[in-house]
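A.B. asks:
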Amino acid sequence: MSAERVSWRPAAAVALFFTLLAALVQRQDANWDLRNYHLYTPLAWLDGRLQTDIAAAQMQTWHNPIADLPFALLVRAGAGGWLVSLWLALPTFLALSFGLRLLDRLWPAQRSPLRTWMAGLVAITGAAVYPGAAATFNDHIVAAFVLGGLWWMADSQSRRGACKTWLPIGLLGGLAAGLKLTAAMYCLGFVAAAALAGPWRQAPARLCALAVGGLIGAALSWGPWGWYLWQHHGNPLFPYFNHWFHSPDALFEDRRDLRFLPQTAWDALNVPLRLLRKSNDFSEASLADARLLLGFAALAGWLWAGRRRDGAAESADSAQSAARALRWPLLGFVLTSYAFWLGVYSIYRYLLPLELLCSLLIVGLLSQAFARRWTRTALVLGALLAIAPTKHPGWGRDPFRTPMISVAFPALPPGSLIVSSTEEPIGHAAAFLPREVPLYAIRNNFMDPQRCTRLQRQVEHGIATHPGPLWLLRPVAVDAIAAQRMSLYGLHLDGACRPIEDSLARLELCPLRREPFTPICNAPPGR
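One point on numbering: in UniProt numbering, the residue at position 240 of the sequence shown is 240, and numbering is uninterrupted.
#1: Identify, in the order they occur along the chain, each residue of the same chain with its Cβ nearer than 6 Å to the Cβ of residue 303, setting aside the five sequence neighbours on each side.
#2: Spell out the partners DSSP gives residue 509 in its beta bridges.
#3: Based on Cα-Cα distance, which residue from 135, 374, 187 lies nearest to residue 397?
#4: Helix, strand or coil for residue 530, going by three-state DSSP, please let me know.
#5: Any contact between the region 457-475 and the region 86-103? By contact I mean 3 or more CB pairs, one from each, below 8 Å.
#6: Name the DSSP bridge partner or partners of residue 180?
#7: Hey, how far is the Cα of residue 389 from the Cα of residue 301?
#8: Just the Cα atoms here: how many angstroms apart are residue 270 and residue 352?
#9: Measuring only the C-alpha atoms, how far is residue 316 from residue 383?
#10: For residue 242, does the count of other Cβ atoms within 10 angstroms reach 16, so buried, or fall short, so exposed?
#11: Looking at the unbroken alpha helix (DSSP H) that takes in residue 419, where does it start and where does it end?
#12: Look at residue 209 and residue 170 and say whether their C-beta atoms are less than 9 Å apart.
#13: On the three-state DSSP scale, how would you describe residue 192?
#14: Run through DSSP, which three-state label would residue 164 get?
#15: Quick one: measure Cβ to Cβ for residue 512 and residue 494, integer angstroms, because I've assumed they're closer than 8 Å.
#16: Using only the alpha-carbon positions, how far apart do residue 103 and residue 296 sit?
#17: Look at the Cβ atom of residue 67, then the Cβ atom of residue 221, and state whether they are nearer than 9 Å.
#18: Within 10 Å of its beta-carbon, does residue 61 have 16 or more other beta-carbons around it, so buried, or fewer, so exposed?
#19: Take residue 13 and list the residues in its own chain whose beta-carbon comes closer than 6 Å to its own, dropping the five residues that flank it on each side.
#20: Skipping 5 residues on each side, what residues in its chain have a beta carbon closer than 7 Å to that of residue 379?
#21: Could you pull the DSSP bridge partners for residue 391 from this structure?
#22: I'd like the list of long-range same chain contacts for residue 371, defined as Cβ closer than 8 Å, with 5 residues on each side in sequence excluded.
#23: Name the residue from 394, 374, 404, 482 whose alpha carbon lies nearest to the alpha carbon of residue 422.
#24: Suppose you measure from the CA of residue 177 to the CA of residue 517; what does that come to, to the nearest Å?
#25: Using a threshold of 9 Å, state whether the C-beta atoms of residue 27 and residue 399 are closer than that.
#26: Is the beta carbon of residue 323 sitting closer than 9 Å to the one on residue 107?
#27: Buried or exposed for residue 180, going by 16 or more other Cβ atoms inside 10 Å?
#28: CA-CA distance, residue 485 and residue 123?
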């Protein structure tokens with residue numbers, strides 16, 4: 001059957017089945033990031049709270065909230081967890097659908113229903129894909145754009161010109177990177193793919209079309225938020241890369257997470273092997289996965305098999321010929337994306353698109369290697385081999401409930417000011433505060449009274465001059481360091497704490513009294 005006439009329905013049906021199954025089994029999302037900023041930032045942006053609150057969702061307060069807007073509005077409307085989960089599962093469905101269609105493009109001759117089901121099973125059970133399904137991490141949104149771009153590259157082979165092929169791919173990559181900066185690694189991967197996707201003399205046209213599409217996509221998905229950050233903080237990537245922009249609202253540092261980066265050359269080379277054992281080498285939550293190792297091996301095997309065929313007569317099947325032409329662009333994409341990840345992040349969750357691609361490569365090579373005999377047995381055993389070592393990280397799930405998230409504060413007197421002093425995620429609760437009640441963070445993973453910035457000076461000045469009641473929003477489990485930081489502002493508990501009705505966390509609201517205190521940041525606050 002000609003690849004151009006293959007229906008999208010089998011891939012979509014398999015993707016829908018596994019996506020819904022993953023969402024149903026795991027239940028509704030309750031991860032740390034959701035409790036911290038995925039709900040707070042979009043609602044605070046819409047409500048204008050970002051101009052009155054200070055770092056309520058810690059450093060992540062300033063992550064691009066555009067992708068989270070539909071989720072936040074559904075929660076605000078009181079939607080049930082099952083309905084919100086369906087929305088959050090949509091990127092998983094799209095990523096898996098594009099991936100399965102890409103598989104049929106790369107190995108058109110071995111297409112079969114069994115292969116589609118085995119590929120879907122291997123893909124959905126990955127250590128990044130499965131726990132991120134129907135969750136707010138937004139890595140699945142990146143995967144949907146990236147796999148969509150790879151499928152478009154494969155579908156366009158020998159059918160579309162440079163502009164019609166690479167401008168849409170650039171658009172998808174730009175959209176992904178604008179919504180989540182970590183997707184920049186896959187934009188570089190597409191640059192390598194475009195450079196290797198045809199004759200060198202045509203490479204400038206391909207790269208130019210890719211760049212134009214990327215700029216348009218980034219302008220659409222990041223432009224409004226980047227402009228907001230520039231206007232209010234003088235850094236369109238705030239608080240990141242502030243050693244370049246020198247915004248007075250943060251320290252002059254890039255704020256990179258260096259915890260998981262390889263320390264030696266051997267550490268960098270043996271990442272796929274280290275992923276075979278359950279560990280915290282690449283994630284806060286422990287995980288293990290063989291897909292990277294097996295996927296790289298499958299890619300090498302596919303390249304070797306294609307190299308052997310290059311010396312033979314060309315096949316009359318144009319689909320197979322086009323698939324072989326994709327070998328080097330795909331290799332360039334994988335190696336460039338992986339190298340960037342290795343040197344900049346080394347956080348496994350950001351590899352989700354590559355993990356999904358590796359799942360497809362494993363099943364695709366098996367279908368080719370055992371095309372003549374034992375096809376079904378090889379596909380089933382190969383899928384089990386890929387799945388067996390997998391250990392999924394636990395990011396936090398709750399039973400489905402309606403509404404998905406509910407927070408109710410006690411009645412607050414007029415003129416109240418809330419302060420927080422914790423690194424626990426409480427931003428979601430701040431989203432339910434009355435709009436006229438601001439929240440200032442004294443200490444968290446961004447604020448610290450001993451590290452003076454303009455925002456820190458604003459907190460100090462606001463607490464010192466606030467005429468109304470002061471309250472502390474905190475987890476029920478008391479943080480001793482938080483109490484020490486509060487004392488620097490002359491703040492002390494002044495009565496019994498009152499519980500907050502919160503479906504995601506155990507929080508309480510405590511009255512405070514203020515005593516005179518020595519200024520910490522002596523410079524006057526400014527805007």
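Note that the Cβ used here is the ideal one computed from N, Cα and C, for glycine as well.
C.D. replies: Inspection of the coordinates gives the following:
#1: 327
#2: 473, 498
#3: With distances taken between CA atoms, residue 397 lies nearest to 135 out of 135, 374, 187.
#4: The shown model of the chain, from 1 to 527, leaves out residue 530, and the question about it has no answer.
#5: Too few Cβ pairs lie closer than 8 Å, so no.
#6: In the DSSP output, where bridge partners are listed per residue, residue 180 has none listed.
#7: 21 Å
#8: 19 Å
#9: Interpretation of residue 316 is limited by its pLDDT of 44, a score under 50 that renders its predicted location unreliable; no figure is taken from the coordinates.
#10: buried
#11: Taken as a continuous stretch (DSSP letters only), residue 419 belongs to no alpha helix (DSSP H), being part of the beta strand (DSSP E) at 417-421.
#12: yes
#13: Looking at residue 192 - three-state DSSP - the assignment turns out to be helix.
#14: helix
#15: 6 Å
#16: 15 Å
#17: Judged by their CB atoms, residue 67 and residue 221 are nearer to each other than the 9 Å cut-off.
#18: buried
#19: The answer is none, since no qualifying residue turns up.
#20: 114, 115, 118, 363, 366, 367
#21: 288
#22: 109, 110
#23: 482
#24: 45 Å
#25: Their beta carbons are under 9 Å apart, which means residue 27 touches residue 399 by this criterion.
#26: yes
#27: Per the 10 Å Cβ criterion, buried.
#28: 46 Å
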